[in-house]
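First up is the structure itself, then whatever we jot down about it.
Numbering (the numbering used here), first residue to last: 41 to 221.
And the structure:
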């Protein structure tokens with residue numbers, strides 16, 4: 041009986057997550073930022089002020105970063121994120137644009153650190169407020185696959201001993217579903 045129950049659970053999980061499609065680098069629009077710049081993505085204009093000595097680290101010295109990241113929609117300022125520090129001393133930021141929260145509007149993420157794994161700060165569109173939000177619950181999410189129809193997101197596997205989670209995306213919130221192995 042337990043064997044049959046386990047088979048049913050595995051089958052349901054497989055069917056539920058069958059629409060998850062891997063997120064590939066080719067799906068992303070990527071910008072590398074090392075200086076003052078401005079550019080348009082979708083219906084948004086981004087103006088970035090870079091500062092070479094934004095902060096100081098005792099072991100790394102002066103670190104650069106984004107002093108101000110202004111986002112405009114139809115010529116109107118909708119966000120101004122300040123002091124986005126380069127915490128690891130790369131002297132650049134990689135910004136990926138994609139619809140990460142599955143709402144039909146472009147979002148972006150800024151790579152915070154990259155060692156064995158890369159971690160990002162996500163800036164997700166909030167259509168109701170017409171601005172971007174930086175929800176902290178996304179900070180350790182590494183998007184592996186997405187299902188737009190069912191609004192599901194699969195996280196990267198952290199290690200051999202640990203599985204990845206599948207999350208239901210509701211607005212800019214993540215609701216943990218079953219764990220994949």
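Where a beta carbon is used, it is the ideal one built from N, C-alpha and C, also for glycine.
Quick one: what does DSSP say residue i is sitting in, helix, strand or coil?
i, result
"residue 177", "helix"
"residue 67", "helix"
"residue 210", "strand"
"residue 82", "coil"
"residue 184", "strand"
"residue 77", "strand"
"residue 189", "coil"
"residue 169", "coil"
Round the Cβ separation of residue i and residue j to the nearest angstrom and send it over; I've been treating them as touching at under 8 angstroms.
i, j, result
"residue 186", "residue 142", "6 angstroms"
"residue 144", "residue 126", "At roughly 31 angstroms, the Cβ-Cβ gap does not stay under 8 angstroms, so residue 144 and residue 126 are not in contact."
"residue 159", "residue 148", "Not really, about 15 angstroms apart at Cβ, beyond 8 angstroms."
"residue 152", "residue 161", "6 angstroms"
"residue 182", "residue 62", "That pair is no contact at about 12 angstroms."
"residue 99", "residue 88", "The pair is not a contact, with the Cβ atoms about 26 angstroms apart (cut-off 8 angstroms)."
"residue 206", "residue 137", "Rounded, the Cβ-Cβ distance is 23 angstroms, inconsistent with contact."
Residue i to residue j, Cα distance in whole Å?
i, j, result
"residue 217", "residue 135", "28 angstroms"
"residue 215", "residue 97", "36 angstroms"
"residue 50", "residue 189", "Because the pLDDT at residue 50 is just 37, under 50, the model does not fix this residue reliably, and the point stays unresolved."
"residue 204", "residue 69", "25 angstroms"
"residue 118", "residue 208", "27 angstroms"
"residue 195", "residue 157", "12 angstroms"
"residue 140", "residue 212", "9 angstroms"
"residue 72", "residue 59", "31 angstroms"
Residue range of the beta strand (DSSP E) that residue i falls in?
i, result
"residue 192", "192-195"
"residue 101", "101-113"
"residue 60", "That residue, residue 60, is in no beta strand (DSSP E); it is neither H nor E in DSSP."
"residue 165", "158-166"
Open item on the list: Threshold first: 3 residues or longer. Then list the beta strand (DSSP E) segments lying entirely within the stretch 112-151, N to C.
Closed with: Fully enclosed beta strand (DSSP E) runs of 3 or longer: 116-125 and 133-138.
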